[in-house]
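> What follows is a single structure, and I will ask about it in a moment.
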Amino acid sequence: MKDRIARIIDDALRRAIVEGRVSVERLPPIILERPRREEHGDFATTIAMVLSRQARCSPRELAGIIVERIDSPMVSRCEIAGPGFINIFVDRAYWWDTLCEILNRGDDYGRVDVGKGRKVQVEFVSANPTGPLHIGHGRGAAVGDSLANILKIAGFDVTKEYYINDTGRQMEILGRSLFLRYRELLGEKVVFPEDHYRGDYIKDIARDMISRYGKKFLSSSEDEVLDRFTHFAMSVILDGIKKDLRDFGVDFDNWYSESSLFERGLVMETIEELRKMGLIYHRDGAVWFRTTDFGDDKDRVLIKADGSTTYFASDIAYHRDKLVRGFSTIVDVWGADHHGYEPRMKALFRALGRDESTLRVIFIQLVSLLRGGEPISMSTRKGEFVTLREVMDEVGRDACRFFFLMRKADAHLDFDLELAKSQAPENPVYYVQYCHARINSIMEFAVSRGVEVPDTPERGCMERLALKEEIDIIKKLAEFEEVIERSALDMEPHRLTFYLMELAGLFHPYYNRHRVVTDDVPLTTARLSLCRAVMKTIAKGLNLLGVSAPEKM
RNA sequence: GCGCCUGUAGCUCAGCUGGAUAGAGCGUCGGACUACGAAUCCGAAAGUCGGGGGUUCGAAUCCCUCCAGGCGCACCA
42 MKDRIARIID
52 DALRRAIVEG
62 RVSVERLPPI
72 ILERPRREEH
82 GDFATTIAMV
92 LSRQARCSPR
102 ELAGIIVERI
112 DSPMVSRCEI
122 AGPGFINIFV
132 DRAYWWDTLC
142 EILNRGDDYG
152 RVDVGKGRKV
162 QVEFVSANPT
172 GPLHIGHGRG
182 AAVGDSLANI
192 LKIAGFDVTK
202 EYYINDTGRQ
212 MEILGRSLFL
222 RYRELLGEKV
232 VFPEDHYRGD
242 YIKDIARDMI
252 SRYGKKFLSS
262 SEDEVLDRFT
272 HFAMSVILDG
282 IKKDLRDFGV
292 DFDNWYSESS
302 LFERGLVMET
312 IEELRKMGLI
322 YHRDGAVWFR
332 TTDFGDDKDR
342 VLIKADGSTT
352 YFASDIAYHR
362 DKLVRGFSTI
372 VDVWGADHHG
382 YEPRMKALFR
392 ALGRDESTLR
402 VIFIQLVSLL
412 RGGEPISMST
422 RKGEFVTLRE
432 VMDEVGRDAC
442 RFFFLMRKAD
452 AHLDFDLELA
462 KSQAPENPVY
472 YVQYCHARIN
482 SIMEFAVSRG
492 VEVPDTPERG
502 CMERLALKEE
512 IDIIKKLAEF
522 EEVIERSALD
532 MEPHRLTFYL
542 MELAGLFHPY
552 YNRHRVVTDD
562 VPLTTARLSL
572 CRAVMKTIAK
582 GLNLLGVSAP
592 EKM
């Protein structure tokens, strides 16, 4: 609808130019907005104000010239307002047509093609396999997963990936932590270092170890068994992470292991490639990547003086491989505390001759957990963090995912456990879900009364949808695909959440004021069609957010 | 010190690539269930868009500056 109106304006403007009424060098795209106030029409454009200087006439005069040339049955009237706005009122017949189109699209409604089949990879969560997922990872999982869903329906070819940091010092520490707990549980006195993983989950894994191997490793030195302990701990933890994510409704296309980068020689290969480009140098016994050539504020070490590689070395090899795999856009979802890492990663892309916009980093801000308005203290160091599992078990998956998507990713989120699980009106999750369940009830009621619920819309009946509320709902439905496009292009899934709350916010009052199923058969048919369209749109939208659309609650 | 994020109603937040008189929800107060689900709806009060400059026909939105909070500035991951 929006595109069609834009074309009508564009045509009118071009006609004015051809007729010599205005002279304009460059024609900007026609931008339409939805005015806040309804007396300003269904759409409005500022094109006359934008072009007035170029066209050397007043905005209102230019608007008049354009409006005179607008000729379409879709536009019932046009007004020039204020400093030069052109307000456009769409004929209701076209809103009825729109409703029919939406219903005819069926399950396909919402599918758009801004992605044009381009390959995009979304890498998210990627939590180190050193402990269970906490609430912050949950937010990243919700954002990454629904973003991937939205990109998919917007026409991108999406791959979801989890990067496993399974090498390096932290892995050693994990193995040592397990070995220490193992010995401790078998009665040895141990000193547990400050920087080791202190969470109780390590003890649980140690118990597993004991039940499987007994005291077998008690007499072994750490060197002899460290690999085994590390590997054991990691695989148990990783299995737990996978289960948590699966239960959260998140599944990945690919689990990419850091150690595979080394096995395939990609880390050294990447460093070699940069060396050939003259971007590598040695200093103080270390090997450096000259990222300052590409906007970073200092150069970065790839190989330390002790011969081991840095995390960054793995990461550039990993991201180079993403490019090799043919992704045209690479999305990384990171915790906001990693934002300082972005410039050096962008530097890699530029070094490899790619536009830095190829990499889109989405930062996930912290989640503050509250209970009834009171903050719950969290400290990873002491091991008393709140896990995703705990929150999911307490408030449920739907509420959890919905809450994570109620804010834009880079804004702090207050997550109140009591609010999230309350079935009271102030809980927005249920507001949207209830709308879906309620419409389902209407459908069932209609069937029970012997009313036929139409599968395909009957255009003739639609004219009975004459109420302002009904037209408003159709207009909102017509926005759905625009919301999908914007959420995809701006990579902001929270917009979809807001859209669904708005749509439900139009439907509930309508329901309370007007009856759907009455003795008036054509009116009933029309209203059931409207209901069906709302129901489908809400179901589709919730589905993209990873939230269920229940038929009963 | 430098960089990034945030600052909008009592609270939590929207506000699309600058547009018209600033938008929700919660909370507060007052109302609505003998016809499709009251997890709903109706009504009321509530704002110096952190402060100050600038750009422009027009700024919550862009630029500068200051203030407040958070987070980063490793041969850690």
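In this note's numbering, the protein residues as written are 42 to 594.
Glycine included, C-beta positions come from ideal geometry on N, C-alpha and C.
Quick one, which of 143, 211 and 129 has its alpha-carbon nearest residue 168's?
The option with the nearest alpha carbon to residue 168 is 211.
> Among the candidates 283, 575, 377 and 513, whose CA atom is the shortest distance from the CA of residue 77?
513
> On the three-state DSSP scale, how would you describe residue 211?
helix
> Pick from 85, 179, 155 and 137: whose alpha carbon is nearest that of residue 431?
Minimum Cα distance to residue 431 is reached at 179.
> Confirm, please, whether the CB-CB distance from residue 161 to residue 370 is below 9 Å.
yes
> In the structure shown, what three-state DSSP assignment does residue 400 receive?
strand
> My understanding is that residue 172 touches residue 242, with C-beta atoms under 8 Å, so please give their C-beta distance in whole angstroms.
6 Å
> What residue does the beta strand (DSSP E) around residue 412 start on, and which one ends it?
408–412
> From residue 249 to residue 222, what distance separates their C-alpha atoms?
11 Å
> State buried or exposed for residue 233, treating a residue as buried only when at least 16 other CB atoms are found within 10 Å of its CB.
Residue 233 counts as exposed, since fewer than 16 other C-beta atoms from the protein chains shown sit within 10 angstroms of its C-beta.
> Considering Cα atoms alone, identify which of 480, 128, 272 and 508 is closest to residue 216.
272
> Cα-Cα, which of 525, 534, 555 and 518 is closest to residue 139?
518
> May I have a chain-ordered list of the alpha helix (DSSP H) segments no shorter than 4 residues that lie completely inside the region 201–254?
210–226 and 241–254
> Taking only the alpha-carbon atoms, compute the straight-line gap between residue 448 and residue 145 and give it to the nearest angstrom.
33 Å
> My output table needs one value for residue 438: the three-state DSSP class, helix, strand or coil.
If DSSP states are grouped into helix, strand and coil, residue 438 belongs with the helices.
> Between residue 488 and residue 440, which are expected to be in contact by the criterion C-beta below 8 Å, what is the C-beta distance as a whole number of angstroms?
Between residue 440 and residue 488 the Cβ distance is about 30 Å, and since that is not below 8 Å, they are no contact.
> Grab the span of the beta strand (DSSP E) containing residue 84 for me, first residue to last.
84–86
> Run through DSSP, which three-state label would residue 294 get?
coil
> What would DSSP say about residue 632, mapped onto helix, strand or coil?
The first residue shown for the chain is 42 and the last is 594, placing residue 632 beyond what the model contains.
> In this structure, how does DSSP classify residue 150 when only helix, strand and coil are distinguished?
Residue 150 falls in the coil class under three-state DSSP.
> Kindly list the residues whose CB is nearer than 8 Å to the CB of residue 367, restricted to its own chain and excluding five residues on each side of it in sequence; keep chain order.
Taken in chain order, the residues that qualify are 160.
> Give me whichever residues DSSP pairs with residue 128 in a beta bridge.
85 and 120
> Does the region 471–490 come close enough to the region 100–113 to have 3 or more Cβ pairs within less than 8 Å?
no
> Who are the Cβ neighbours of residue 43 in its own chain at under 6 Å, not counting the five residues just before and after it?
Excluding positions up to five away in sequence, the list reads 73.
> With distance defined between alpha-carbon atoms, name the residue in 390, 115 and 325 nearest to residue 357.
The shortest C-alpha separation from residue 357 is found at 390.
> Is the region 519–526 in contact with the region 557–573, if contact means three or more CB pairs nearer than 8 Å?
no
> In terms of alpha-carbon separation, which member of 207, 95 and 561 lies closest to residue 275?
207
> Specify the secondary structure class of residue 464 as computed by DSSP and reduced to three states.
It is coil, neither helix nor strand.
> Based on DSSP bridge pairs, tell me the residues matched to residue 376.
405
> Can you tell me whether residue 365 sits near the ligand FAD, meaning its C-beta is under 8 Å from at least one heavy atom of the ligand?
For the structure depicted, the ligand FAD is absent and the ligand set is empty, with no information on it obtainable.
> Counting along the chain, where does the alpha helix (DSSP H) carrying residue 359 start and finish?
352–365
> Could you please give the first and the last residue of the uninterrupted alpha helix (DSSP H) stretch that includes residue 545?
535–554
> Which value, in whole angstroms, describes the spacing of the CA atoms of residue 134 and residue 461?
42 Å
> Do residue 574 and residue 483 have their CB atoms nearer than 9 Å?
no
> Enumerate in chain order the residues of its own chain whose CB-to-CB distance from residue 362 is below 8 Å, with the five nearest sequence positions on each side excluded.
302 and 307
> Could you name the residues that DSSP lists as bridge partners for residue 327?
324
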